[in-house]
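Residue 244 in numbering that gives the first Met the number 0 sits at position 245 of the sequence shown, with consecutive numbering throughout.
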Amino acid sequence: MNNSHVALDKYKSDFNCCQPVLAAFGPDFGLSSELGLKIGCGFAAGIGFQGLTCGAVIGGIMVIVLMHGNTSEKDELQEEVTYIVIKEFSRQFKDRYGSTRCSELLDTDVSTSSGYQKAKSKNLFDKTCPGIVATTVLILNQFNSKYKPMNSKHYFEQVAGEWDIMRETFFSPMIREKAISSIGIKSGDIVADIGSGSGFISEGLIDKAVDIIAIDQSESMLTTMKKKFSDHQNISYQLTEPEKLALNDESVDVAFANMYLHHVEYPNESIKDLFRILKNNGKLVITDLDKHGFKFLVNEHHDRWMGFEKSDLKKWFDDAGFTDIRIESLNETCRSDSKSYNEKAEISVFMASGLKQKT
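Following this line, the structure appears as structure tokens:
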């Protein structure tokens, strides 16, 4: 049963206009049908029989928030997307029905006893409301496809074969050299290359007497990297999701994460997980983008974050438990030209490092 059928079936079971919408979409976002029905209960006949905003519209807005709402006060881009989608939803609904108010949609004031009885006697709830619920579901299905959250994994699967050439236009190998030289790599160290891609960081470690664990969410990227470094036996490869690293606690001496953090959903949680995998006296080095305003990178490169404030990074390292925290400019830039807009990005790059030291 598709979500249109679910919604109409619930409405025909004598639920209000809001409840079927939430019941139809909620499970896709971790909200059970039962809880969706419960949450939507108070929005009958324009918010508790006041004739105000239609319950289907309210349910639609709730679904949009489930689809796109931000979970961090710093995630301004996702917040903006949410508002854009809500406005477009409201516009499409008004274009179809002329209003989002229940009393205007039913052409009677359901906030009064006489108006409600008029609506019941004319079967307006049966004649008008099912179509409104169906239209709401149709618009939401379109939005779920059009505004589907960007998937960096899919993007990197597509570009893996050309990534080395693309990367050369984005940033210099000096970022790698400065990151590696910032800490003392010792013979025998186990080094994790987090978000390894095709091996940008690992390339600077390959001839050192260390064991490298290349970690990435893209199987195609790791396949490309394996071919490139097929003659080297000191690299192992691990396919894993961001923020859920499949590494044991205290299993690596050094972790590098280059241009990785702006692709994860929860950077603060990711830094905590990186702290977890480090041995005592282990070190983390992150190289990434300073805060910027180039939104085309989100659309074209599927970036999750538009860079970071150094004050946020300091807090996240502190919260994770790191000591000897250093956050500095590398005096390097990341450059990209938009394919769709007449815009060029040049963004400064920071290096953030910290020590895991048990007391």
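Glycine residues also receive a C-beta, built at the ideal position from the N, C-alpha and C atoms.
Where residue i falls: helix, strand or coil (DSSP)
i: residue 99; result: coil
i: residue 149; result: Any answer about residue 149 is weak, because its pLDDT of 49 lies below 50 and its placement is not dependable; what the coordinates show is given next. Of the three classes helix, strand and coil, the one that applies to residue 149 here is coil, per DSSP.
i: residue 55; result: helix
i: residue 10; result: helix
i: residue 307; result: strand
i: residue 117; result: helix
i: residue 204; result: coil
i: residue 244; result: coil
i: residue 230; result: coil
i: residue 272; result: helix
i: residue 125; result: helix
i: residue 82; result: helix
i: residue 93; result: helix
i: residue 17; result: helix
i: residue 302; result: coil
i: residue 106; result: coil
i: residue 77; result: helix
i: residue 313; result: helix
i: residue 157; result: helix
i: residue 69; result: coil
i: residue 26; result: helix
i: residue 43; result: coil
i: residue 183; result: coil
i: residue 378; result: Given that the chain is displayed from residue 0 to residue 358, the structure contains no residue 378 and the question cannot be resolved.
Sheet register partners of residue i (DSSP bridge)
i: residue 335; result: 344
i: residue 255; result: 192, 284
i: residue 328; result: 349
i: residue 210; result: 189
i: residue 355; result: 281
i: residue 236; result: 213
i: residue 322; result: 354
i: residue 289; result: 307
7 angstroms Cβ cutoff met for residue i and residue j
i: residue 92; j: residue 99; result: yes
i: residue 192; j: residue 211; result: yes
i: residue 221; j: residue 215; result: yes
i: residue 128; j: residue 45; result: no
i: residue 245; j: residue 285; result: no
i: residue 20; j: residue 134; result: no
i: residue 17; j: residue 42; result: yes
i: residue 104; j: residue 115; result: no
i: residue 349; j: residue 272; result: no
i: residue 213; j: residue 274; result: no
i: residue 171; j: residue 327; result: no
i: residue 109; j: residue 55; result: no
i: residue 65; j: residue 88; result: no
i: residue 11; j: residue 22; result: no
Cβ-based burial, residue i [other Cβ within 10 Å; buried from 16]
i: residue 107; result: buried
i: residue 346; result: buried
i: residue 241; result: buried
i: residue 303; result: buried
i: residue 130; result: exposed
i: residue 235; result: exposed
i: residue 4; result: exposed
i: residue 359; result: With the chain covering 0 to 358 only, the question about residue 359 has no answer from this structure.
i: residue 2; result: buried
i: residue 15; result: buried
i: residue 300; result: buried
i: residue 243; result: exposed
Near the ligand COA: residue i beta-carbon under 6 angstroms from a heavy atom
i: residue 164; result: You won't find the ligand COA in this model; it holds no ligand whatsoever.
Q. Contact between the region 268-283 and the region 335-342: three or more CB pairs below 8 angstroms?
A. no
(Q) I want to know whether the region 150-163 touches the region 183-202 - three or more CB-CB distances under 8 angstroms. (A) Taking a cut-off of 8 angstroms for Cβ pairs, the region 150-163 and the region 183-202 touch, as three or more such pairs fall below it.
Q) Taking one C-beta from the region 121-139 and one from the region 50-66 each time, how about it: are there three or more such pairs within less than 8 angstroms? A) yes
**Q.** the region 263-270 / the region 166-184 touching (three or more Cβ pairs under 8 angstroms)
**A.** Because the criterion of three Cβ pairs below 8 angstroms is not met, the region 263-270 and the region 166-184 do not touch.
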